[in-house]
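Participant:
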Amino acid sequence: MENTGRFFKDFIMERDDDLVTKILDTIDQYQPEAFIKLTNQTKPAIYMEQIKQLIHMLGKFTIGESSDEEIEDWGKRVSEDKVRLGFSLNQSVEHFNLIRSVLWEELSVIGEKDHLINPGQILKLGKIVNNFVDRLILIFAHSYTGLANKRLRAQQEVIDELSTPIISIVDGVAVLPVIGDIDTHRARHLMEHTLHETKRLEVDCLILDLSGVFIVDTMVAQELFKIIDSLKLTGVDVNLTGMRPELAHSVVTLGIHFDNVKMYNNLGQALKAFGIVRK
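Right under this line is the structure:
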């Protein structure tokens, strides 16, 4: 089997350029949109070099001379490119399976041309190919998931910042328009961001506009109460505007009392109460 492995290693490494072309053609055939993205947004030479490195790593893997660090480094670099280009995990794994199919075709070519290698040896080589590709997929998927989650968290942080703007109106008075759904994650960010910004902007009075909150449940009412209570403890006078009937009902049902919290029908009414009117 050792001689067979070396034969296969030499066979694929001597034909690495042809194999790279064949793999690219296969991706183009079965995933044309992905192929266009790869060739348009990444320098083709870079992707071709990555595939060639894969072929050489397989050659060394076949004879037991592969480096774990080399394989892991390759998987991480490729996963970075795939995340950057916006490939889904399913699309990326399909690329590996297409590469696997091309390698199996090479095994069939060897079986037809070299009669010294019997079908049993071909099957053993096929098992090695499968083990190698499966290992690459595991390394790639682990790295891809970590990078994708990191990118998602970064995007979520940007969304959180944009969705909780504290707008300074006059000295000491600011408005916080709350728009959209409030879940546990957003409520926590809303509290942390509001406490930080009211201190930074030296806000004495915050007008919390709830007219953009459409989905209301018990959790939302409780989280809003916590935010208001925390602000009051820091000395910020909280005023509410735009409280929808659904939210008012939840507040009453829970027995929550917004003591010393002034309420207004709309933002314009609240601003007018503070002497902020259009001239």
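With the UniProt record's numbering as the guide, the letters of the sequence shown map in order to residues 1 to 279. Even glycine gets a Cβ: it sits at the ideal position worked out from N, Cα and C. On a predicted model such as this, the values are computed, not experimentally measured, just so you know.
Enumerated in chain order, which unbroken segments of the beta strand (DSSP E) with a length of 3 residues or greater are wholly contained in the UniProt domain "STAS" (163-274)?
Facilitator: The qualifying runs are 167-170, 173-179, 205-212, 237-241, 262-264.
Participant: Hey, how far is the Cα of Val251 from the Cα of Thr241?
Facilitator: The sequence position of residue 251 within the sequence shown is 251, counting from 1. The sequence position of residue 241 within the sequence shown is 241, counting from 1. Going by the C-alpha atoms only, they are around 14 angstroms apart.
Participant: Check each candidate in Phe258, Glu246, Asn130, Asp10 and name the one with the smallest Cα separation from Phe214.
Facilitator: Position 214 of the sequence shown, counted from the start, is the residue given in the question as residue 214. Here the closest residue by C-alpha is Glu246.
Participant: In the DSSP assignment, the alpha helix (DSSP H) including Ser79 goes from what residue to what residue?
Facilitator: Here residue 79 corresponds to residue number 79 of the sequence shown, with the count starting at 1. Taken as a continuous stretch (DSSP letters only), the alpha helix (DSSP H) holding Ser79 covers 68-85.
Participant: Roughly how many angstroms lie between the CA atoms of Thr26 and Asn40, to the nearest whole one?
Facilitator: By one-based count along the sequence shown, residue 26 stands at place 26. By one-based count along the sequence shown, residue 40 stands at place 40. So the alpha carbons of these two residues sit roughly 17 angstroms apart.
Participant: Under DSSP, the alpha helix (DSSP H) around Glu49 begins and ends at which residues?
Facilitator: On the sequence shown, residue 49 is found 49 positions in, with the first residue counted as 1. First-last of the alpha helix (DSSP H) with Glu49: 44-62.
Participant: Look at the Cβ atom of Glu80, then the Cβ atom of Leu147, and state whether they are nearer than 8 angstroms.
Facilitator: Position 80 of the sequence shown, counting from 1, holds the residue named residue 80. Position 147 of the sequence shown, counting from 1, holds the residue named residue 147. Yes, the pair counts as a contact, with Cβ atoms nearer than the cut-off.
Participant: With DSSP as the reference, label Gln31 as helix, strand or coil.
Facilitator: As a working mapping, residue 31 is identified with position 31 in the sequence shown. Note: Gln31 maps to coil in three-state DSSP.
Participant: Measure the C-alpha to C-alpha separation of Ile207 and Gln155 and round it to an integer number of angstroms.
Facilitator: As a first step, residue 207 must be located in the sequence shown, where it is residue number 207. As a first step, residue 155 must be located in the sequence shown, where it is residue number 155. One C-alpha to the other measures close to 27 angstroms.
Participant: Let me confirm a value: Ile122 is counted as buried when at least 16 other C-beta atoms fall within 10 Å, else exposed. Which label applies?
Facilitator: Against the sequence shown, residue 122 aligns to sequence position 122. With 16 or more other Cβ atoms within 10 Å, it is buried.
Participant: Which residue's Cα is closest to the Cα of Ala34: Leu195, Ile99, Gly86, Leu231?
Facilitator: What you label residue 34 is simply residue 34 of the sequence shown in a count that begins at 1. That would be Gly86, whose Cα lies nearest to the Cα of Ala34.
Participant: Tell me which residues share the same chain as Gln53 and place their Cβ nearer than 7 angstroms to its Cβ, disregarding the 5 neighbours each side in the sequence.
Facilitator: Translated into positions along the sequence shown, residue 53 becomes position 53. Result list for Gln53: Trp74, in chain order.
Participant: Can you name, in chain order, every residue of its own chain whose Cβ lies under 8 angstroms from the Cβ of Tyr144, other than the five neighbours on each side?
Facilitator: Within the sequence shown, the letter at position 144 stands for residue 144. Hits under 8 angstroms: Ser79, Lys82, Val83, Leu89, Ser92.
Participant: Using the Cβ count rule (16 or more neighbours within 10 Å means buried), how would you classify Asp17?
Facilitator: Against the sequence shown, residue 17 aligns to sequence position 17. When all chains shown are included, Asp17 counts as exposed.
Participant: May I ask you to report which of helix, strand or coil DSSP gives Glu105?
Facilitator: For this step, residue 105 is matched to residue 105 along the sequence shown. Correct three-state label for Glu105: helix.
Participant: Rounded to whole angstroms, what is the Cα-Cα separation between Arg188 and Ser230?
Facilitator: For the purposes of this step, residue 188 is taken as the residue at position 188 of the sequence shown. For the purposes of this step, residue 230 is taken as the residue at position 230 of the sequence shown. Each residue's alpha carbon lies about 12 angstroms from the other.
Participant: His142 to Leu152, Cα distance in whole Å?
Facilitator: Residue 142 sits at position 142 when you count from the first residue of the sequence shown. Residue 152 sits at position 152 when you count from the first residue of the sequence shown. Their Cα atoms are separated by approximately 15 angstroms.
Participant: May I have the straight-line CA-CA distance separating Ile137 from Gln29, to the nearest angstrom?
Facilitator: The residue given as residue 137 occupies position 137 in the sequence shown. The residue given as residue 29 occupies position 29 in the sequence shown. Rounded to whole angstroms, Ile137 to Gln29 spans 21 angstroms at the Cα level.
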